[in-house]
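> Using the UniProt record's numbering, read the sequence shown as starting at 1 and increasing by one per residue.
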Amino acid sequence: MARTDRTASSRQLAALWSIATGVSLCASSIRRRLLQCGLRARTPLYRIPLTHDHRRLRLQWANQHRDWRADWQHVVFSDESRFNLWYHDGRIRVRRYAGERHLPECIIERHSGRTPGVMVWGAIAYHRRSQLLRIVGNLNSNRYIREVLQPEAVPFLQSLPGAVFQQDNARPHTARIVKSFFAAQQVQLLPWPACSPDMSPIEHVWDVIGRRLARDPRPVASADELWVILPDV
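1. Taking the alpha-carbon positions, what's the His49 to Ala98 distance?
2. Measuring CB to CB, does Phe165 end up less than 8 angstroms from Leu139?
3. Judging by CA-CA distance, which residue of Ala15, Pro201 and Ile209 is the nearest neighbour of Val75?
4. Nearest-angstrom Cα distance between Tyr144 and Pro172?
5. Short of 6 angstroms in beta carbon distance, which residues of its chain neighbour Val23, apart from the five on each side in sequence? Order them along the chain.
6. Decide if Gln131 is buried, meaning its Cβ has at least 16 other Cβ atoms within 10 Å, or exposed.
7. Between the C-alpha atoms of Trp61 and Ile19, what's the straight-line distance to the nearest angstrom?
8. Counting only the same chain and skipping the five closest in sequence on each side, list residues whose C-beta sits under 7 angstroms from that of Ala194.
9. Identify whether Gly38 lies in helix, strand or coil by the three-state DSSP scheme.
10. Buried or exposed, going by whether 16 or more other CB atoms sit within 10 Å of the CB of Ser222?
11. Can you name the start and end residues of the beta strand (DSSP E) that Trp184 belongs to?
12. Relative to the alpha-carbon of Asp71, which residue among Gly210, Ile209 and Gly162 has its alpha-carbon at the smallest distance?
13. Specify whether the segment 212-222 and the segment 174-188 touch according to this definition: at least 3 beta carbon pairs, one from each stretch, less than 8 angstroms apart.
14. Can you give the Cα-Cα distance for Asn142 and Asp232, rounded to whole angstroms?
15. Taking 8 angstroms as the cut-off, decide whether the C-beta atoms of Val148 and Leu133 are in contact.
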């Protein structure tokens, strides 16, 4: 049963066992047996839901670029990311004795509503990186041109001979006005398959920054304070 439904809890498995066999087992007995069999509860690996066409296009893209060598040194990978003011993954545990449940040091505050944070844009190349830009509010195609492409992305690309620009297929990136801007600026784009942000190496940069922020001891009380320390992380 546990192998058939990997997300079933020990309580659910106990109920299924009782229905199937007529023998009652408690959830703790199920947990002990699963541990004996080597089946431990762990955080699942999350992924973007992909259709058959998404997978086909990703494979096609990979096959088209598998023989690239020096070409990758000319690619500028770009992306936006959001870093929240308060970070936890929902699986934080505290060690406490009986009766200490309500001690302040054993309580983690959970904020309702959208967690305050900072949205940023950045780009990386083989030996260089762009400035980190802060994006306040929702990013549309006009703001993308005015606040990202004109002041930072295009000058960065122009400083790299033969640069090829990579961006994902978010709507602000693929609007007609943005395509016209790229054509006018003679920006060479790297075709990118849909639903594939995970294929860009800049995702690893965001992950490193997020981990460092989670370990940073400096107190941060506002999005502005978070923005101050972000470039130094």
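Cβ coordinates follow ideal geometry from the N, Cα and C atoms, glycine included. Predicted model, so just to flag it, every value in this text is computed and none were measured.
Straight from the coordinates:
1. Residue 49 is actually Pro in this sequence, not His. The straight-line gap from Cα to Cα measures roughly 43 angstroms.
2. Remark: C-beta atoms of Phe165 and Leu139 do not approach each other more closely than 8 angstroms.
3. With distances taken between Cα atoms, Val75 lies closest to Pro201.
4. A direct Cα-Cα distance of roughly 7 angstroms separates Tyr144 from Pro172.
5. Around Val23: no qualifying Cβ.
6. It counts as exposed.
7. A direct Cα-to-Cα measurement between Trp61 and Ile19 gives close to 49 angstroms.
8. His54, Leu57 and Asn169, listed in sequence order.
9. Reduced to three states, the DSSP call for Gly38 is coil.
10. Classification of Ser222: exposed, given that the 10 Å Cβ count is below 16.
11. The residue you asked about is not Trp; residue 184 is Ala in the sequence shown. Residue range Arg176 to Gln185 is occupied by the alpha helix (DSSP H) that includes Ala184, with no beta strand (DSSP E) assigned at that position.
12. Answer by Cα proximity: Gly162.
13. Touching, no.
14. So the alpha carbons of these two residues sit roughly 29 angstroms apart.
15. When the beta-carbon positions are compared, Val148 and Leu133 come within less than 8 angstroms of each other.
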